[in-house]
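What follows is one structure encoded as C-alpha cells, with my remarks underneath.
Number of protein chains: 2
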Amino acid sequence: MTYCVALSMDRGLAFMSDTRTNAGVDSISTFRKMFSWTKPGERVIVLLAAGNLATTQAVVSLLDERAKASHDRSPSLLETPSMYQTARVVGDLLKEVIAGSVPAGQSQDAFGASFILGGQIRGTEPRLFMIYPEGNFVEAGADTPFFQIGEIKYGKPILVRAFDPGMSFAEAAKLLLVSFDSTVKSNLSVGLPLDMQFYERDSFTPGKQVRVNADDPYYRTISEGWSDALKTAFRKLPDFPF
Amino acid sequence: MTYCVALSMDRGLAFMSDTRTNAGVDSISTFRKMFSWTKPGERVIVLLAAGNLATTQAVVSLLDERAKASHDRSPSLLETPSMYQTARVVGDLLKEVIAGSVPAGQSQDAFGASFILGGQIRGTEPRLFMIYPEGNFVEAGADTPFFQIGEIKYGKPILVRAFDPGMSFAEAAKLLLVSFDSTVKSNLSVGLPLDMQFYERDSFTPGKQVRVNADDPYYRTISEGWSDALKTAFRKLPDFPF
Chain W
4 MTYCVALSMD RGLAFMSDTR TNAGVDSIST FRKMFSWTKP GERVIVLLAA
54 GNLATTQAVV SLLDERAKAS HDRSPSLLET PSMYQTARVV GDLLKEVIAG
104 SVPAGQSQDA FGASFILGGQ IRGTEPRLFM IYPEGNFVEA GADTPFFQIG
154 EIKYGKPILV RAFDPGMSFA EAAKLLLVSF DSTVKSNLSV GLPLDMQFYE
204 RDSFTPGKQV RVNADDPYYR TISEGWSDAL KTAFRKLPDF PF
Chain U
4 MTYCVALSMD RGLAFMSDTR TNAGVDSIST FRKMFSWTKP GERVIVLLAA
54 GNLATTQAVV SLLDERAKAS HDRSPSLLET PSMYQTARVV GDLLKEVIAG
104 SVPAGQSQDA FGASFILGGQ IRGTEPRLFM IYPEGNFVEA GADTPFFQIG
154 EIKYGKPILV RAFDPGMSFA EAAKLLLVSF DSTVKSNLSV GLPLDMQFYE
204 RDSFTPGKQV RVNADDPYYR TISEGWSDAL KTAFRKLPDF PF
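Below you can see the structure in the form of C-alpha cells.
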C-alpha cells in the first residue's frame, strides 16, 4: 500500500508521500512515489503515485521521456497550456498504460493506480487534482482543500480537524508528519522514509524538498511529542459521569 | 458498515457499538448491534455484530431461542461450561447461517459477518474473542487487549496510544467515545446513537448500559472538547524547522 497527501493552501501547495511498496508482507521495498517537473520561471508540476508500481513507474517514465523530447507529437508536461490539460495528459496516459497491461478477459483492478497532481503554470492559479485509474479526475476546492490516496483512513481525522488553508509551510509540514505518523503506527504497509515537497504560490520554482528518515530528530520529536500530547489532551477531557 | 470495539481491562470488559446500517447511501437505518445474555450470579455474555445484517440477526435470533428453550438438544449460551465453548457455539452457528444463505455456486462474501464476544462464567476469568465468518476465532491477551470490527481504521490511532488496561470504566467510556467520534466525523457509514456496556470482573451481573444520542451533553463535550484539545496539542508541537 501507500500513503500520499497534498494540501492546497493560501501560500501554495504541500506534498508528502511514503516510500514503502509491498507484494505481500514478505516482499517489502523502498521506492520514491513523488515526482516533479519544472520549467524555471514558468511552471512547477508535482505528481504523487499510489497503486500498482509497474503502472505508476510506466506512466512516470513516459512523462519523463516526453518532457525530454519536447518536439515529439505527444503532449509534454512542460508544454501544456493549463493544469487542467496537464491532468488530462496524465489521466489519458494512465488509462492507456493500464489498458495495455491487462491480459485479455481479465479485470484491470490489479493493474490500477491513482495520482495526485499539483502545480502552477504562469498566468494561472496553483491547482490540485486527483486522477483515477479510469483516467478522469477531480479538482480540490475551498470545501475540499486536500487529497489523500492509498491508506488514507488512519491519518484523516487529524487532517479534518487541524487543517487550515491559512497555515504556514512549517505548520503544514508538522500536520503532514502527524498524519503520516498515525498511519505508520497503525499499518505496516506504509513506511519511512517520507518525502516532503512544498511549492510557494507564484514562485515558479521548486520549493523546499526534504526526505525524512526514521532517525530524523524532528520526526522523533513529533512522533513522541504527539503521543504524549494526545495522552495529555485525553486526560484533560472530563471522564464519563457514571 | 459498522464500528464496534471491546476492551479487556483489569476491572472487566467495556463494549461499544454504533447503530447505523446501510444498503447504499440512500438506504440508511438504525439497528442495535449489541446483545447480551445473563444468568444472574453465574454468567454475563455480550455480543457485538458487524457485517450482513440478515446474517447477524439470524445468529442472534437462534441464540435467543436456544437460551429460552434450554432443554433443547442444541447448546445454549446459558449452559456452556466455558467462554471458549461459548465462542465455539457462536462461531459454529455463524458458519451454519452463512452456509445456508449463499445461493449455490456464489461466493459467500456478501453474506459474511463477524462478532466480538466477551463475558465471564463463574469459576473462570473474563475473556474476549473475535469470531470470523469462517466460524473460527481468536482471543484477546495482554499484548492485544482490545478488538475492533467494521470500520476500524479511523478510530484505531487513539486506542493504540491511550488505552491502558488499568484505566477506570469512566476513562474507558471516554476513550471509546473519542475513538467513535473520530470515526463518525470521517465516515458516513458509522452513525449515532451509540450503545455502551460495561462488565465488572466477578460481578456476574450486567454493568451499566448507556445509549448515547447525538444531543447527549457528555458526548457533545467530548466531541467538541476533543477537536479543541487536538488543535491545542497540535499547536504546542514545534513547527518544522525550515
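Listed in order, the protein sequences are those of chains W and U.
Just remember that this note's numbering sits 3 ahead of the position in the first sequence, which is counted from 1.
Just remember that this note's numbering sits 3 ahead of the position in the second sequence, which is counted from 1.
Cβ coordinates follow ideal geometry from the N, Cα and C atoms, glycine included.
In this text the structure is predicted, and so the values were computed from the model without any measurement.
Proximity test, Cβ basis, 8 Å: residue i and chain W
| i | result |
| --- | --- |
| U:Lys211 | yes |
| U:Leu240 | yes |
| U:Phe237 | yes |
| U:Arg125 | no |
| U:Ala9 | no |
| U:Phe183 | no |
| U:Glu250 | Coverage of chain U is limited to positions 4 through 245, which leaves residue 250 of chain U absent and any answer about it impossible. |
| U:Lys177 | yes |
Run of the alpha helix (DSSP H) containing residue i, from where it starts to where it stops
| i | result |
| --- | --- |
| W:Phe172 | 172-189 |
| W:Ala61 | 56-71 |
| U:Thr41 | Careful: U:Thr41 lies outside any alpha helix (DSSP H), inside the beta strand (DSSP E) at 37-42. |
| W:Leu162 | 159-165 |
| U:Ser104 | 86-104 |
Chain U contact for residue i (CB, 8 Å cutoff)
| i | result |
| --- | --- |
| W:Glu203 | no |
| W:Ser230 | yes |
| W:Ala17 | no |
| W:Ser189 | yes |
| W:Ser226 | no |
| W:Ile101 | no |
| W:Ile152 | no |
| W:Val105 | no |
| W:Arg164 | yes |
| W:Lys234 | yes |
| W:Pro244 | yes |
| W:Tyr6 | no |
Cβ-based burial, residue i [other Cβ within 10 Å; buried from 16]
| i | result |
| --- | --- |
| U:Ser85 | exposed |
| W:Pro136 | buried |
| U:Glu128 | exposed |
| W:Ala236 | buried |
| W:Lys177 | buried |
| U:Phe302 | This structure leaves residue 302 of chain U out entirely; chain U is present only between 4 and 245. |
| U:Val151 | Position check: residue 151 of chain U holds Gln in this sequence, whereas Val was assumed. So U:Gln151 counts as buried. |
| U:Ser110 | exposed |
| U:Val28 | exposed |
| U:Ser182 | buried |
| W:Arg238 | exposed |
| W:Ala61 | buried |
| W:Phe245 | exposed |
| W:Ser189 | buried |
Own chain residues within Cβ distance below 8 Å of residue i, not counting five before or after
| i | result |
| --- | --- |
| W:Arg69 | Asp75, Ser77, Pro78, Ser79, Leu80 |
| U:Asn216 | Leu195, Pro196, Tyr222 |
| U:Arg125 | Gly44, Glu45, Arg46, Phe207 |
Range covered by the beta strand (DSSP E) that runs through residue i
| i | result |
| --- | --- |
| U:Val8 | 6-12 |
| W:Leu16 | 15-20 |
| W:Glu142 | 140-142 |
| W:Phe132 | 130-134 |
| U:Thr235 | That residue, U:Thr235, is in no beta strand (DSSP E); its alpha helix (DSSP H) goes 220-239. |
| W:Leu120 | 116-124 |
| W:Gln151 | 149-153 |
| W:Ser32 | 31-33 |
| U:Glu203 | 197-203 |
| U:Thr24 | 23-25 |
| W:Arg76 | Taken as a continuous stretch (DSSP letters only), W:Arg76 belongs to no beta strand (DSSP E), as it is neither H nor E. |
| W:Val213 | 212-215 |
Beta-carbon proximity list for residue i, same chain, < 6 Å, skipping 5 on both sides
| i | result |
| --- | --- |
| W:Gln212 | Gln200 |
| W:Asp13 | Pro168, Gly169 |
| U:Ser104 | Phe114 |
| U:Phe132 | Ala90, Leu120, Phe140, Glu142 |
| U:Pro148 | Ser11, Pro168 |
| W:Ala17 | Leu10, Ala175, Phe201 |
| W:Ser226 | Asp184 |
| U:Leu97 | Val62, Gly138 |
| W:Asp231 | none |
Contact set for residue i: own chain, Cβ-Cβ below 7 Å, skip 5 residues either direction
| i | result |
| --- | --- |
| U:Thr83 | Thr89, Val92 |
| W:Leu179 | Val8, Ala17, Met19, Met199 |
| U:Asp112 | none |
| U:Gly94 | Ile134, Gly138, Asn139, Phe140 |
| U:Thr24 | Ser32, Phe34, Leu56 |
Give a yes or no on contact between the segment 47-64 of chain U and the segment 23-38 of chain U, applying the rule of three or more CB pairs nearer than 8 Å.
A contact exists between the segment 47-64 of chain U and the segment 23-38 of chain U.
Contact the segment 23-35 of chain W vs the segment 192-199 of chain W: 3+ CB pairs below 8 Å
These segments touch.
Counting pairs of beta carbons, one from the segment 154-164 of chain W and one from the segment 116-127 of chain W, are three or more of them closer than 8 Å?
They do not touch, by the three-pair rule.
Of the residues that make up the segment 128-162 of chain U, which ones have a beta carbon closer than 9 Å to any beta carbon in chain B?
Protein chains W and U are contained in the structure displayed, whereas chain B is not.
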